[in-house]
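Read through the structure below, which is laid out as structure tokens, and then see the notes.
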Amino acid sequence: MHQYKLTALKAVKTFTRRKIALCFLILFFASCNPDPYHDVSFYSEAFKSDRMYRIYLPPNYDANLDTRYPVVYYFHGWGGRYKWDSYDVEDDIHYPGNGRKEPPFVMEWKNFVKNNDVIIVTWDGYEPNLHPGKNEREEITYGNASPYDYVRAHEKEDHHWGWDYRMYFRDLVSHVDANFRTIADRDHRAISGLSMGGLTAYYVAGQNRDLISSVSAFDPADNIPLYGPKGHQAVFPILEMYRPLKGLSIRLTMTDGDWLKYNDWKMKGVFEAADVPHFEFHLADYPDHWSADADQQLDFHMREFQKSHPLPDDWSHVCPGFPAFESRNYHISVKRTEPALTIMENVSIGDLKILSRKFLPDGPIVADEKITISTDSIYSPNTSYKLTTYNLLSEEVKSQEVNASADGKLVFELGGGGHAVGINGPGSDTGAKLKIIPDHNQEYFYFEAGKRHGLDFKLVNVGTEEAKDIVITVSSNRPEINFLNNKIQVPNVDAGGIVDLEKQFNFTLTEFSDSTYAGSMVFDVKANGKPSRNYRIMVFAMAEAPYIDDADVIILDGQTVKDVPVYKQGPNIVETQTISGGTGNGNGILEAGEAALVYIRLPKGMGPNDINTFHRTYLVNHADVPYISVEQLNYEEKLRQAGSTSLSTVLEVSNDIPDNYELDLCFQVESLYNEPNDQLSKATIYSNKSDYRRIKLKVDNVK
């Protein structure tokens with residue numbers, strides 16, 4: 002094959018241990034090369050090491066020297082490398098004589114570039130600095146580290162090293178654009194990936210919207226990963242990754258034989274309900290977990306290359322763990338002591354919302370932090386602006402004056418607790434600016450089928466003028482939501498004012514279909530005869546949630562319980578286990594100051610033998626229950642295959658709860674089954690459903 006050889010001049014300053022490399026590419030062409038790809042080495046500033054990638058060039062690349070090409074970046078799955086999707090230590094680039102043959106899917110990249118004017122780049126997602134002579138790095142055996150510096154959230158061992166794949170992708174794009182004839186703009190760049198690479202594709206795309214315009218995934222992994230610098234990683238589940246993808250075109254390919262497909266169905270529902278402009282779903286007829294129908298996935302990107310993809314005027318972003326980041330030329334730095342995700346919502350020239358949560362969704366908002374925001378050059382130079390801020394925790398409204406710099410940037414600081422911010426001044430609209438703030442800053446709402454529901458929220462004006470004649474209209478993408486009244490009117494909200502609205506927009510959910518149900522409600526707001534910003538919440542349907550007896554509940558408040566019947570969905574058996582968890586006196590009774598896990602018995606789960614077994618639980622109404630908070634989630638692997646992970650809430654009881662206070666708790670109880678004899682697939686198929694149960698617990702407050 003053609004060989005692209007990289008040479009470098011490197012200077013090392015020993016007292017700083019920083020390596021500064023100046024790299025230049027020398028191309029050596031062979032006259033009889035049947036393969037349209039080249040393996041390239043480059044120096045990554047993010048990883049401070051040399052990295053490899055493989056690049057597939059169209060057959061006319063060398064002949065048409067005036068032609069430039071769009072680029073699709075492909076991220077391999079667990080076990081893969083930039084050369085193929087199956088990993089073994091002897092297949093590394095340092096063992097070129099191993100004689101391994103490439104799997105068939107590589108031919109798909111070859112054939113696609115043969116028939117399409119596009120460049121495909123396959124990157125290397127394995128950890129840096131592994132090479133002969135250094136078979137171990139920080140006690141990780143060579144070849145044994147996870148791809149993408151990945152650690153499952155339920156694991157206790159800290160072998161996460163904080164490699165920043167966000168910035169590694171930027172290094173790769175810079176090198177490819179500098180050395181190959183690419184169309185070097187975001188409209189002509191895309192990312193696709195398989196399995197763990199599919200999860201990473203969504204993650205990296207959301208962190209680099211300025212570089213790409215479309216992203217796709219084949220059977221993306223449902224693992225729950227940690228991101229951020231070592232010691233400060235935060236969990237960012239793939240089901241939450243729609244949040245920073247607004248402004249991109251998105252595609253999901255799911256094979257019908259994929260063992261992750263129950264999660265992919267959920268993802269389909271969530272992404273369709275989310276505020277993303279273009280989402281496509283494709284079901285591939287393939288009996289395994291794979292990059293099936295790759296040509297159709299690539300065709301999606303080729304179609305998107307023909308379009309213009311302007312970034313929206315208002316945008317959102319999520320940065321997990323990292324104390325500083327940049328999005329849309331906004332520079333954000335956060336000082337805090339605990340890991341968290343920094344969330345920016347509906348950012349525009351006139352307003353924004355910013356907060357940090359310990360987890361998504363609906364995790365506690367971080368109260369002790371300091372956020373510094375430096376905006377892009379979008380304001381009038383040397384001009385004063387009035388910032389009106391509403392603190393999401395304290396519910397206080399404050400104002401401050403901020404002067405734009407000579408180049409039109411604003412720099413301001415915010416404390417903890419999360420803020421809705423109105424930026425009022427020339428060019429940013431000085432009128433009324435209304436924000437809908439749900440009680441407890443809730444994001445996900447669970448509604449039981451067949452019952453009447455209403456919404457509680459605050460209407461906050463962070464503008465400089467009174468809002469009058471306010472009309473709010475709600476709609477939903479789900480026909481099962483039947484609004485009894487979908488419009489309300491509010492006479493006025495003063496500048497800096499707050500109006501409490503309770504039990505608004507009465508509606509019923511007419512039916513519960515299945516556990517993948519996800520929808521949204523969109524609130525259209527008008528004031529002073531002008532439209533204001535829309536607001537969206539995510540909606541999830543619940544089946545009927547009956548109350549159950551105490552005998553069907555186990556409360557782990559520091560206790561250990563033996564001989565608990567638990568269903569093992571792999572072998573389809575019931576086995577007795579010893580379970581433990583929570584903190585407290587261990588008597589199995591919920592009391593003030595304790596933190597507890599709750600197990601609930603189902604008379605019949607999804608599996609044929611899943612009868613009268615106990616299941617972990619997720620509290621869905623914690624925002625509505627006084628004296629209860631959920632400060633953390635407990636993660637547990639369902640089955641080692643693909644690292645599927647279940648969530649359980651850790652209930653924390655306030656020390657201030659009155660004695661003998663009765664809690665009314667509603668839990669989601671998940672059951673699973675995989676059919677080993679499925680005639681339509683060679684893969685192990687997961688299926689799942691969610692039951693819902695309510696319990697009433699009286700809590701003691703021992704003085």
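According to the numbering used here, the sequence shown holds residues 2 to 704 in order.
Even for Gly, the Cβ is constructed at its ideal location relative to N, Cα and C.
It should be emphasised that the depicted structure is a prediction, and the values quoted were computed from it without experimental measurement.
Top-ranked residue by Cα proximity to residue i, from the options
i, options, result
"Val122", "Pro37, Thr68, Asp63, Gln570", "Pro37"
"Asn613", "Gln578, Met539, Val567", "Val567"
"Ala368", "Tyr380, Leu394, Asp553, Lys387", "Leu394"
"Val494", "Trp110, Pro604, Glu663, Ile437", "Ile437"
"Lys488", "Val472, Pro480, Ile482", "Val472"
"Lys399", "Ile379, Gly423, Leu411", "Gly423"
"Asp430", "Tyr386, Gln208, Thr646", "Tyr386"
"Gly498", "Arg182, Ala468, Val114", "Ala468"
"Asn573", "Asn610, Phe323, Ile580, Ile344", "Asn610"
"Phe181", "Val72, Leu557, Ala528", "Val72"
"Asn116", "Glu46, Asp558, Thr509, Asp300", "Asp300"
"Leu620", "Ser581, Lys231, Arg694, Tyr628", "Arg694"
"Leu261", "Glu281, His279, Leu249, Leu240", "Leu240"
"Gly464", "Gly587, Ser45, Leu435", "Leu435"
"Asn529", "Lys359, His283, Ala433, Tyr70", "Ala433"
"Val526", "Gly520, Thr474, Gln505", "Thr474"
"Asp470", "Ser533, Ala206, Asn442, Gln443", "Ser533"
"Glu346", "Lys336, His318, Gln443", "His318"
Residues near residue i in its chain [Cβ-Cβ closer than 7 angstroms; skip 5 each side]
i, result
"Thr256", "Asp220, Ala285, Tyr287, Asp289, His290, Trp291, Ala293"
"Asp553", "Ile601, Arg602"
"Pro427", "Ser381, Thr384"
"Glu576", "Val567, Lys569"
Residue j beta carbon less than 7 angstroms from that of residue i
i, j, result
"Tyr243", "Phe272", "yes"
"Ala341", "Ser357", "yes"
"Lys247", "Asp211", "no"
"Ser175", "Ala191", "no"
"Pro226", "Tyr151", "yes"
"Val461", "Tyr391", "yes"
"Ser630", "Glu637", "no"
"Pro321", "Phe237", "yes"
"Ser691", "Ser516", "yes"
"Glu466", "Ala496", "yes"
"Glu592", "Asp701", "yes"
"Tyr83", "Asp51", "no"
"Gly80", "Leu195", "no"
"Gly589", "Ile556", "yes"
"Ser193", "Gln298", "yes"
"Pro245", "Gly207", "yes"
Collapsed DSSP secondary structure at residue i in the structure displayed
i, result
"Gly207", "helix"
"Phe306", "helix"
"Phe219", "strand"
"Pro148", "helix"
"Pro609", "coil"
"Ser691", "strand"
"Pro245", "helix"
"Tyr62", "coil"
"His441", "helix"
"Phe301", "helix"
"Asp625", "helix"
"Lys111", "helix"
"Ile696", "strand"
"Thr431", "coil"
"Ala421", "strand"
"Thr68", "coil"
Same chain only: Cβ atoms within 6 angstroms of residue i, ignoring 5 sequence neighbours per side
i, result
"Asn264", "Asp223"
"Lys699", "Asn661, Glu663"
"Tyr380", "Ala405, Gly409, Leu411"
"Tyr674", "Gln570, Met607, Gly608, Ser688"
"Ala596", "Gly583, Thr584, Val651, Glu653"
"Phe326", "Cys320, Ile333"
"Ile184", "Arg69, Pro71"
Any non-hydrogen atom of the ligand GTP closer than 6 angstroms to residue i Cβ
i, result
"Phe615", "As far as ligands go, the structure on display features none, and thus does not contain the ligand GTP."
Closer than 7 angstroms to chain B by CB, residue i
i, result
"Tyr54", "The structure shown has no chain B; it contains just one protein chain."
Nonlocal neighbours in the same chain, by C-beta distance under 8 angstroms from residue i, ignoring five residues either side
i, result
"Asn507", "Arg453, His454, Gly455, Phe484, Leu485, Asn486"
Any chance you could list the beta strand (DSSP E) runs of at least 3 consecutive residues sitting entirely within the segment 266–298, in chain order? 279–285
Contained beta strand (DSSP E) runs [length at least 3] in the segment 493–529, N- to C-terminal order: Counting whole runs of 3 or more residues, the segment 493–529 contains the beta strand (DSSP E) stretches 499–510, 520–528.
Whole runs of the beta strand (DSSP E) within the segment 169–196, excluding any shorter than 3 residues: 190–195
Would you mind listing the beta strand (DSSP E) stretches within the segment 325–372 that are 3+ residues and don't spill past its ends, in chain order? The qualifying runs are 325–328, 331–336, 342–348, 352–358.
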